[in-house]
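Residue numbers (this note's numbering): 65 to 315. The structure appears below as C-alpha cells.
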C-alpha cells in the first residue's frame, strides 16, 4: 500500500492505490458500539493492468479519482463505484509521480522532468512546463491565491511557475533530493521534505509583511529585555536571529 497515495474522500472514506495497479475505496465510518473506525472495503478494481500506480488524487467537487502510472497514463474514475470515465494515454513519456488540481485544470508531474496542464472538461493538453528540472519531478501543489504552481524535484529545485504563461516566477536550488511539498495559506510558507529527513521552509511573505513582522518583533524584544533580564535578552536575540534566517528565504 502506497502511503502517499491515500486520499480522504468525504471524511468517512479513504482511497488507496498500490504498485499492483489496484485502487481500493474503504469505509472508515466510526463504529458506535466500539467508538472507533470500522474499516470495510467497499470497492476494489484492477485499474491499470500490469502498470504500477504511483500517483493518486481525489476531486471532492466532481467526485472523481485521478490515477497516474509508471507507463505515463492518467486514468479517471468515479467514486465510490470506480467506473471508468476517461484515459489520457501516453500523457507523459515516463511515470507520472504527482497530480494536483485547480478548478478545471489538472496538473501532472513526471519522471520525464516535465509538468503538463490538462483541461478536465475535454482532456486536452493546454501547456507543458519543462526545461527547468533536470531530474524527476517529485511533487506539485497550487498556490491558489497567487495563481501559481510549485514543483519540487530530485534535482534539489523548488520552482514557482506562472502556469498560464508557462514561465518560471522564482527558482530555489538546494543540495537535497526533494520528495514532498506542502503550502500553508495561513502562514504563507512552503515546506518541502527531503530524502534525508530535512524539511526546507520558504516564506512567500511580501517585503512589507516581513517589515511589519520585524517591527512587531523588535517591540516585543524591547519589552522582554526590560522585564526578564539577561536570559530574556538571550531568548530575544535568538528570536531575531530566527527572523533573519526566515527572511533570507523570502520571496
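Note that CB positions come from ideal geometry on N, CA and C, so glycine has one too. If you're wondering where the values come from, they're calculated on a predicted model, not measured in any experiment.
- Distance from the Cα of residue 255 is smallest, within the candidate group 230, 126, 223, for 223.
- In this chain, residue 153 is not harboured by any beta strand (DSSP E), its DSSP state being neither H nor E.
- Ranked by how close their Cα comes to the Cα of residue 196, the residues 203, 122, 141, 221 have 221 in first place.
- Here residue 106 is exposed, its C-beta having fewer than 16 other C-beta atoms within 10 Å.
- Taking 7 Å as the cut-off, the Cβ atoms of residue 173 and residue 161 count as close.
- For the 7 Å CB-CB criterion, residue 247 and residue 213 do not form a contact.
- Approximately 6 Å separates the beta-carbon atoms of residue 111 and residue 139; this is inside 8 Å, confirming the contact.
- In its chain, beyond the 5 residues on either side, 162, 216, 244, 245 have a beta carbon closer than 6 Å to the beta carbon of residue 203.
- Boundaries of the beta strand (DSSP E) around residue 169: 169-174.
- For residue 215, the enclosing beta strand (DSSP E) covers residues 212-217.
- Under DSSP, residue 164 takes part in a beta bridge, and its partners are 171.
- Between residue 132 and residue 119, the gap from beta carbon to beta carbon is short of 7 Å.
- Look at residue 209 here: in three-state DSSP terms it is helix.
- Ranked by how close their Cα comes to the Cα of residue 166, the residues 209, 175, 235, 159 have 209 in first place.
- Annotation for residue 126: no beta strand (DSSP E) segment contains it, and DSSP assigns it neither H nor E.
- Residue 226 and residue 211 have their C-alpha atoms spaced approximately 7 Å apart.
- Residue range 242-248 is occupied by the beta strand (DSSP E) that includes residue 247.
- Cβ-Cβ separation between residue 150 and residue 194: approximately 24 Å, too far for a contact (criterion under 8 Å).
- For residue 257, the enclosing beta strand (DSSP E) begins and ends at 253-258.
- In the DSSP assignment, residue 91 falls within the unbroken beta strand (DSSP E) covering 86-91.
- Residue environment: residue 262 is assigned as exposed (fewer than 16 neighbouring CB atoms within 10 Å of its CB, all protein chains considered).
- At a Cβ-Cβ threshold of 7 Å, residue 141 and residue 152 do not count as neighbours.
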